[in-house]
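Residue numbers (my numbering), protein chains in the order written: chain A, 7 to 515; chain B, 7 to 507; chain C, 20 to 192; chain D, 6 to 132. Just so it is clear, CB atoms sit at the ideal spot from N, CA and C, and this is done for glycine as well.
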Amino acid sequence: MEPLQSAIPLYVVSVSLAASLLIACSRKAPNLREFWTVGAACLKFVLVLSLIPPIVRGHIIECPLFTVLPGLAMHFRVDALGIGFAATASLLWILTSFYSISYMRSLREHAQTRYFTCFAIALSAATGVAFSGNLFTTFVFYEIITLCTFPLVAHKESAEALRGARRYIVYLLGTSIAFQLFAILLAYHAAGTLDFRNGGIFPASVSAAYLAIVFMLFVAGIAKAAVMPFHSWLPAAMVAPTPVSALLHAVAVVKTGVFVIFKVILQIFGVDTLMRIGAGIPLAYVASFTILAASVIALRKDNLKARLAYSTVSQLSYIVLGAALLSPSSIIGGFAQIILHAFGKITLFFAAGAIYVATHRTEISQLDGVGRQMPFTMGAFAVGAFSMIGIPPFGGFLSKWYIAIGTLEASALPILLVIALSTILNACYFMPIVYRAFFRSPLPETDSHHTPGHDSSPSVRRRIHEAPALMVIPLVLTALATVVFFFMPSLVLDLAKIVSADALGGRLR
Amino acid sequence: MIKEHAPVLVILVPLLSAVLVPLVGMLRNRFCWHVAFAATHVSFLLSGLLLFRVQTNGKISYRLGGWEPPWGIEYVIDELNSFVLVTIAFIGFLATLYARKSVVAEIEPVRIPAFYSIFLLFLAGLLGIVITGDIFNLYVFLEISSLAGYALIAASRKREALLASYNYLILGTIAATFILIGIGYLYMVTGSLNMADLRERLPALYHSKVVLTAFAFFSVGISLKLALFPLHVWLPNAYTYAPSVVSAVMAATATKVGAYVLFRIMFTVFRVEFDLEVVSITSILLVLSSAAIILGSVLAIAQTNIKRMLAYSSVGQIGYIVLGASIVNETAMTGSLVHILNHALMKGTLFFIAGCVLYRTGIEDIAGLRGMGRRMPFSMAAFTVAGLSMAGVPLTVGFVSKWYLALGALRADLWYLVPVILVSSLLTAVYFGRIIESIYFGRAEDGHSSGSLSRERMHEAPTGMLVPALLLAVLCLVFGISASTTVGYAEAAARLLLGGR
Amino acid sequence: MIDFALLFFLVVCAVAAIQMRDLLSSIMLLGIYSFIMAVVWTRLNAVDVAFTEASVGAGITTILLIAALSRTRRMETKQCVPPANLLIYGTVILLTSAVLLYGTLDMPTYGDPGAPAHSHVAPRYLEKSYEEVGVPNVVTAVLASYRGYDTLGETTVIFGAGICVILLLRRKI
Amino acid sequence: MEFIAGKYNYWIYVALMMIGFYAMIAKGNLIKKIIGMNVFQTAVFLFYISIAKVREGTAPILWDRTVLYDNPVPHVLILTAIVVSVSTTAVALALIILIYREFGTMEEDEILRIQKNGSAVPPGKPE
C-alpha cells in the first residue's frame, strides 16, 4: 500500500509540546494549568486514534518535517509498531494526568508547574520516538526524554533525589552518546541512510563482523530498555514521585527503549540480516538472563517501588526477547507485551502511589492488612500482579503465550524453560504482597513517615481510607483494561500481526 | 563603488574608525561606543555582501593599488575566507553591542576611548589576516591584532591579567617571529610572497630542506597562536583574567583565525599532497588534536572558575577544529570549518553569559551559580542551550560539527577517532551537566539568607548585554536545526581546500 | 674579513647583553648590538634598513628601555634556573637550531645572483619601478606603491602601539 | 671554505636567534626577556637582509642600467618588521611598568608567588 501524507503525527507530537508551554505560562492558576494537561492528553489521544484505521488497513503515514543536514532529516513515519506504542502512551497519559493532579495536590508537592511541564514534554518526545521515520529523529527524541525527565526524577531536590537523578542521567546520556551515537554513525557510514525500512537498510556487502559490532553497540546504547548490565538507572530513578515512575518508568521511558530496540532489530537490521549474522539468539540469551536475574533481585527487595522496578527490568526483557527470537509469533508477543505490560505495570505503580498517599508507607513489610482498608486499590493491584505473572484471564497471558510459541518456532527450547521459571519467580515476588494485604491483620496504624516511635500515642492514630477518588478510578480502569484485553485480544493482535507481517516481508500465515 | 571596493573597505572601516575613536573620545566619552558600533556594523554588512558575492560569482580578487598579483598585494576572497570573515565580523559586531554596558563596569572611563580604539584595531587585524592573499601582509595584520590583543587582555582591572598578557606577548612574539622565518625561507627559494603564486611555484621545491624548515616553522608558530595542545599554556590565564567582552571575542574569533591561517598554509600555500606525502604533518596534528580534545575536557572538569573552565574547554574545541584538517577528507574538513562558526556561537554565548553573571553578581566561581536559574532565567537559559550544544546534543550546532568530524573519521577508516570524539562529548556533558544541574536545582545556601534571595528574584542582566547573548544562543539552535546553509558554505570551502579529495 | 669580525662581534654583544645582571648595562649592550647590526646592513647595501635600525632599533628602543628602567628596578635578581627546566629549554633551543641549520643546507649560496629570490618578482621592481612610480630608490618605490598596504599596516601598528601604551598606563591601581 | 663563506651569515643568524630565544624563555626578569626578544627579532632581520645580498651588487637605488642591484624586497619587508618590533617592545615595556607598580618586582617567580599568596604590598613603590 502506498504511504499517506498527513500532518497529524506532527500535531500529535506538538499538542503536548504546546501544552507544556501553556502549562509553564499558567503557573499562577493551578486549575487552568491542570485543564491544559488534561485537555492536551485527551486531544492527543483522539488524534492518535484517528490514525489507527488507516494503519489497520495497511497504510503507512508519512510526515516529513525538515532537513537538518544533507542526509539527516527530521521525519515522521507512522506504522503499526509506532501507533501501538503511541496509543498506549497517550491513553495512559490521560489517566495519569488525573492521577498526578490528585497525587500532587494530596501531598502538596512543590514545583508542580515544572512537574507538569516536563511531563508534557516527555510525552511529546515519547510519541516523537513512536512516530520517528529514521534513527536520527529517534535519537533526538530519545535524548529529549532523557533530558526532560531529569527534573522529574530530581523532583524532591533532596540530596538523595539528586544522587538518583544524576545516576539516571549519567547512565542514559552516557550510554546513548558513547554507544548509540557511535552505532548510528557506523550505520550511516555503512548504509548511507538512517531511514527505517522493513527488511533493514544495510546492503549485503557489509561484513558480518561490522554488523555484529554495530548491533552490540545499539543494544548497549539503548540503555532505556534496561537490558542487564545497563539496568541500574531504573531502580535509581525510583526516587521520582510515583506518577512519574508509573507513566515514565513503567511506560514511556522504558518502552521507548524497547521500542527503539524493536525498530533497530526489525527495520534497521531486518530479520534476514540478523539471521545472517546470527545476532538474534545471543541477544535472546542476554534477555533471558536479565529476566531471571532481575526477578531474583526483585524477590529480595522490601521497598515496594524497588520491587516493581526490578519487575519492570525483568518484564522489559520479554519484549527484547520477543524481538530477538526473530520468529513471527515472538514478534507478535513482544509487541503485545509493550502494550499489555504497560497497563499491568501502571496499575501496580498507581496502587503503590495510592498506598503512599493514604498511608505514607513504602515498604512491603508494612502492608499487612492494607487490602481490607483499601479494597479497590489492592484489588486492582492483585489484577495487575496476575497479569504480570501471565495467568489467564488477564492480558499478560497473551503476550507470554505468543512469546512461548515464538521460542518453539525459533527452536530455542532453553528459553521456553526460562519463561516457565520466570513465571514462577513472578508469582513468588507478587503473591506475598497480595497475601499480606488481604490475609494478614492490619498493623497498628502509624501516623505517617515510618516513624514507629510515635505509634504508641493514640492521638495520632487515624483510620486509613482509600486514596482520593481521582487516584483510585484510574487504577481501577487500567486494571479492568488488562481483563478487557484478554477477552478482546484483537485490539492488540490486529496491530501485532501487521507488525510481524511487515517485519517478515508478509511471510506470516 | 561600495560593491567594488568592499574587500578593502571591510578592513579600512574599522581601521580608520580606530583612529577616529580617540578623537571623538576627546569630545564625548560615550560617543566612542557609537563610532565603534557603526564601524563594526558596516564591516559586518560588507562581509555579508562579500559572502553573497562569492557564493554567486565565485572567487573575488582585489588588487590593492592596482598592481597585479605577484608584484602588488592582493586580497583574495573565496569560499573559505568569506565564511570565516562573516563569522568574525558578526561576533565583533555583537561584542560591540555587548561591550557598551560591560566595558563601563569593567574599565575606568578615562580608558574607554583607547579601549574601543584598540578593540577596533584588533578586529581589523583579524579581518585583515583572513582576507589577504599575501603572506607578508598576513604577518603585518597578525601583528596588529596581536598587539591589540595583548593590550585588551591587560585592560582588565585584575592584576593577574598583567602577567597573563605579558606571557602571551612573549609567546605571541615567538609565534609571529617563527611565522616571519617561514615567510623568509619561502621567499628565499621562490622569490614570491603571493599565496597563489607560491602555490604554483612550491611543488617543484617540495623536497628542498629550506621549504621543509619553512613549513615546520609555520606549523609551530601558528599552533602557538591558535593554542593547539601542548602550546596552549598562554590561553587559560589570558582568557580568565581578561575583561568579559575581550574573553568572549578572543575565544570566539582569535583562535579561529589561527585555525584559518593553519588551513591556508597547509592547503592553499602548500598542497594536500605535501602535507600527506612529504611531511605527514597530518598524523602529527591528529595525535596533538586528539590529545587536546581529551585533555582539554579533562582539565575543564577540574576547574572551579567559570571563565577558566571555558578557557580549557576552548583548548579542547580547538582540537576539534584541527582534527578535521588532519583527517584530510572533505567530510571531516567540512566539520572542522563549520565548527569554526559553531564554536564561535557557543563559546561566544558562554563567555557573554559569564560576563553577565559577573556584571550582576560579581560571581566568578562555578559554585556561585547555584540556584542562579531563578535569578537570571534568560541568561541561564542561554547558558544551558550553549552548554548542551557544547556537549553535542542533537539539534544544536555542536552536534552538526561532531557528526561531520566523526563521519569523516569513519570515511577515512580512522574509526578510533570516533571514541575520542564521543568520550570528549561525554566529558563535556559532565562538566556542563554539573553546572546546569546546580543552576536549576542547587540552592544558594551560603552567603544568601532566604530573605535576600527572594528579594533578589529575577535580577537579569541589562538588555544590552542580554540581547547579544540570547541572539547567539538562538543561533546555536537555528544553525543546529537547519544546518544546511552553514554546512553548505563549509562544504564549498572544504572542496576548495582539498581539491576534491 | 671585516664582515666576519662584525658578525662575530654581534654574537659577543648579544651574549653579554643577556648575561649582564645590571640591566642598564644590558640595555647599553643591546644598543651597541643594534648599532653594529646597522653597520652590517650598510655593508650589505641595505641603506634604508640600516638607517631605520640605527634610529629606531638602536635609538628609540634604547630610550624606551631606559625610560622603563627608570620606573622600575635596575638590577636583576640572581636566579637559578631549576635543572629540569634548563633541560627543557635546552632541548627546545637545540631542536629549533637543529631545524634551522638543517634548513640552511639547501639554501642558495650567500650572494648568489641566480638565487630564485632575485629572479622572480624583484627584477620587475628594478626594471620598471622608475617608470611606474618615479622614484629612483626602489625600496621607497616598493614600500610606497607596490606594497603600500604593508606600509599602511605598519603605520597602524605604530598608532596601535601608542594607543595600547595609553590604554595601559592610564590604569589606576 | 667556500661552503662556510656561503653559509656564514645564516649560521650567525641562527646563533644570535638562539641567544635571544634562550633569554625569552629561560630568563625570569621581564626586562631581560624583552632584551632577548630584540636580539631574537633582529637576528631574523639579519637573515632577511642576507637574502637580499647579491655578489657585486649595489644598493637598489637606480642610477645606471648596467649595474647589478641587490634585491630590494627583503629591505622593504624588514623596514616594516623593525617598526613592528619596536611597537611590540613599547607595549611590553608598558606592561612591565604596570606589573612593577602592582607587584613591586620584575621577577616572574616572585610575581607568581605574590599572586598565589595574595600579598598585595609592593615593597618599594616608586613615585
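Quiz item: Does DSSP put Q309(B) in a helix, a strand or coil?
Solution: coil
Self-check item: DSSP state of A79(A) mapped onto helix, strand, coil
Solution: strand
Quiz item: What in chain C is Cβ-close to L70(B), meaning under 8 Å?
Solution: G167, Y168
Quiz item: At least one CB of chain B closer than 8 Å to the CB of S20(A): is that the case?
Solution: no
Quiz prompt | Residues bridged to P70(A) (per DSSP) | solution = H81(A)
Exercise. Have a look at the DSSP bridge pairing and note the partners of E95(C).
Key: Answer is none; E95(C) lacks a bridge partner.
Exercise. Give a yes or no on whether 8 Å exceeds the smallest Cβ distance from M194(B) to chain C.
Key: yes
Quiz item: Is the stretch 292–303 of chain B touching the stretch 232–240 of chain B in the sense that three or more CB pairs, one from each, lie closer than 8 Å?
Solution: yes
Quiz prompt | Residues near H65(A) by beta carbon distance below 8 Å, same chain, minus five either side | solution = For H65(A), where only same-chain residues beyond five positions count, the Cβ hits under 8 Å are M7, E8, P9, L10.
Quiz item: What does T73(A) touch in chain B if you count any residue whose Cβ is under 7 Å from its own?
Solution: Close partners of T73(A) in chain B (Cβ separation under 7 Å): S490.
Quiz prompt | Contacts that V96(D) makes with chain B (C-beta to C-beta distance below 8 Å) | solution = L153, Y156, A157, L175
Self-check item: Partners in chain B for P135(C), counting only beta-carbon separations shorter than 7 Å
Solution: V195, T196, G197
Quiz item: With DSSP run on the structure shown, which of helix, strand or coil describes S67(B)?
Solution: strand
Self-check item: Interface partners of R417(B) on chain A, CB under 9 Å
Solution: H195, listed in chain order.
Self-check item: C-alpha distance - A285(A) paired with T429(A), whole-angstrom precision
Solution: 26 Å
Self-check item: chain B contact residues for E107(D), given Cβ-Cβ distances below 7 Å
Solution: R165, L168
Practice problem: Using a threshold of 8 Å, state whether the C-beta atoms of V59(D) and L73(D) are closer than that. | Solution: yes
Quiz item: From this set, Q321(A), A25(A), A330(A), V319(A), which residue's C-alpha is nearest Y291(A)'s C-alpha?
Solution: A330(A)
Quiz item: Relative to the C-alpha of V251(B), which residue among S67(B), I427(B), L364(B) is closest?
Solution: L364(B)
Practice problem: Would you tell me roughly how many angstroms separate the C-alpha atoms of V74(A) and P334(A), rounded to the nearest one? | Solution: Near 36 Å, if we compare the C-alpha coordinates of P334(A) and V74(A).
Self-check item: Contact set between the stretch 24–51 of chain D and chain B, restricted to residues whose Cβ is under 7 Å from the partner
Solution: M29, L35, K38, M42, F45, Q46, V49
Quiz prompt | Contact under 8 Å by Cβ, P480(A) with F356(A) | solution = yes
Practice problem: Have a look at the DSSP bridge pairing and note the partners of I324(B). | Solution: BP columns for I324(B) are empty, so no partner.
Quiz item: For A496(B), which residues of its own chain have a beta-carbon under 6 Å away from its beta-carbon, when the five flanking residues on both sides are left out?
Solution: Cβ within range, chain order: T340, L343, V344.
Practice problem: Assess, as a yes-or-no matter, whether the stretch 486–506 of chain B is touched by the stretch 262–276 of chain B under the definition of 3 or more beta carbon pairs within less than 8 Å. | Solution: yes
Exercise. Take T246(B) and list the residues in its own chain whose beta-carbon comes closer than 7 Å to its own, dropping the five residues that flank it on each side.
Key: N311, K313, R314, A317
Practice problem: Assess, as a yes-or-no matter, whether the stretch 161–179 of chain A is touched by the stretch 236–245 of chain A under the definition of 3 or more beta carbon pairs within less than 8 Å. | Solution: yes
Exercise. Decide yes or no for the touch test of the stretch 158–166 of chain A against the stretch 398–416 of chain B: beta carbon pairs closer than 8 Å, at least 3 of them.
Key: Short answer: they don't touch.
Exercise. Look at V150(D) and V176(C) and say whether their C-beta atoms are less than 8 Å apart.
Key: Outside the shown range of chain D (6 to 132) lies residue 150(D), about which nothing can therefore be said.
Quiz item: Is there contact between the stretch 308–315 of chain A and the stretch 355–372 of chain A, where contact requires at least three CB pairs shorter than 8 Å?
Solution: yes
Quiz item: Cβ of V146(B) less than 8 Å from any chain D Cβ?
Solution: yes
Practice problem: Name, going along the chain, the residues of the stretch 177–201 of chain A whose beta-carbon falls closer than 8 Å to a beta-carbon of chain B. | Solution: L179, G180, I183, A184, L187, F188, L191, L192, Y194, H195
Practice problem: Name the one or two DSSP bridge partners that A66(D) has. | Solution: In the sequence under discussion, the amino acid at residue 66(D) is Ile, which differs from the Ala named in the question. Bridge partners of I66(D): N156(C).
Self-check item: CB of V78(D) within 8 Å of CB of A141(C), strictly
Solution: yes
Quiz prompt | Contacts that R189(C) makes with chain B (C-beta to C-beta distance below 9 Å) | solution = Listed by position along chain B, the residues whose Cβ is nearer than 9 Å to that of R189(C) are E114, V116, R117, A120.
Quiz item: Using a Cβ-Cβ cut-off of 6 Å (strictly less than) and excluding sequence neighbours within five positions of G98(B), which residues of its own chain qualify?
Solution: T46, L129
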